Amino acid sequence: MRAGEFVEPRAVDSEFDDFGPRPGESLPRPCRLDADGALVIAVGDEPAGTVSWRWGQWGPSAGSRCPMIGIWLEPGHRGRGLGSTAQAELAGLFFRHTPVNRIEAHTDVDNVAEQRALERAGFSREGVVRGAQWRDGRYRDGFLYSILRDEWAGRAG
36 MRAGEFVEPR AVDSEFDDFG PRPGESLPRP CRLDADGALV IAVGDEPAGT
86 VSWRWGQWGP SAGSRCPMIG IWLEPGHRGR GLGSTAQAEL AGLFFRHTPV
136 NRIEAHTDVD NVAEQRALER AGFSREGVVR GAQWRDGRYR DGFLYSILRD
186 EWAGRAG
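Residue numbering for the sequence shown follows the numbering used here, beginning at 36 and increasing consecutively.
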């Protein structure tokens, strides 16, 4: 496998997996935190999934920018705490290497495993985002999560 490339075919393994990285899609090179991007999650030399981010903005100034993070794990690596660890580490990268004050995540209201993973990673549920995600043939509600710089600093310190 070449660095930054998905080579394993990926089937829809659960009801939450009909979007995400596809075989042959390359990651941005070089991976930069100031652009949309993704990082491979590895267990030893084995790729276990990806964490990714897209930039959004709540206000008109550059200070209002924040990344929305997401995760996908291979089925054999789920349920072991790897998702919480990877998302917490990605939040740490953003807070240590960018001036952002807020990092967001969104998950389907039925994806309880990801909700628990985000909460273990230090994210707080903010509320329901109604009809925000098209998945499996219809619009779905989701939960919006976030962690703020001060909250992360309190956990890291």
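Glycine included, every Cβ here is placed at the ideal spot set by N, Cα and C. From a predicted model like this one, the values you see are computed outputs, not experimental measurements.
Pull the bridge partners of residue i from the DSSP assignment, please.
i, result
"glycine 94", "Beta-bridge pairing links glycine 94 to no other residue."
"tryptophan 107", "Thr85"
"serine 99", "In DSSP, serine 99 forms no bridge with anything."
"leucine 183", "Arg137"
"arginine 113", "For arginine 113, which the question treats as bridged, DSSP gives no partner whatsoever."
"arginine 190", "For arginine 190, which the question treats as bridged, DSSP gives no partner whatsoever."
Relative to the C-alpha of residue i, which candidate in the options has its C-alpha closest?
i, options, result
"valine 193", "Trp187, Ala121, Phe158 and Ser99", "The question about residue 193 has no answer here: the residues shown for the chain are numbered 36 through 192."
"alanine 126", "Glu139, Glu149, Ser96 and Pro110", "Glu139"
"valine 163", "Arg155, Gln150, Trp88 and Leu179", "Leu179"
"leucine 194", "Trp107, Thr133, Arg170 and Asn136", "Since the first residue shown for the chain is 36 and the last is 192, residue 194 is missing from the structure and cannot be characterised."
I'd like the span of the beta strand (DSSP E) that includes residue i, first residue to last.
i, result
"valine 147", "Taken as a continuous stretch (DSSP letters only), valine 147 belongs to no beta strand (DSSP E), being part of the alpha helix (DSSP H) at 147–155."
"valine 144", "Premise fails: valine 144 is in no beta strand (DSSP E) and is neither H nor E."
"glycine 166", "159–170"
"leucine 74", "72–78"
What are the boundary residues of the alpha helix (DSSP H) that residue i is part of?
i, result
"phenylalanine 129", "117–132"
Might you give, ordered along the chain, the residues of its own chain that have their beta carbon closer than 8 Å to the beta carbon of residue i, omitting 5 neighbours on each side?
i, result
"serine 159", "Tyr180, Ser181, Ile182 and Glu186"
Given residue i, which residues of its chain have a CB within under 6 Å of its CB, disregarding the five upstream and five downstream residues?
i, result
"alanine 156", "Ser119, Gln122 and Ala123"
Segment contact, 8 Å Cβ cut-off, at least three pairs: the segment 138–145 with the segment 170–183: Contact between the segment 138–145 and the segment 170–183 is established, with three or more Cβ pairs separated by less than 8 Å.
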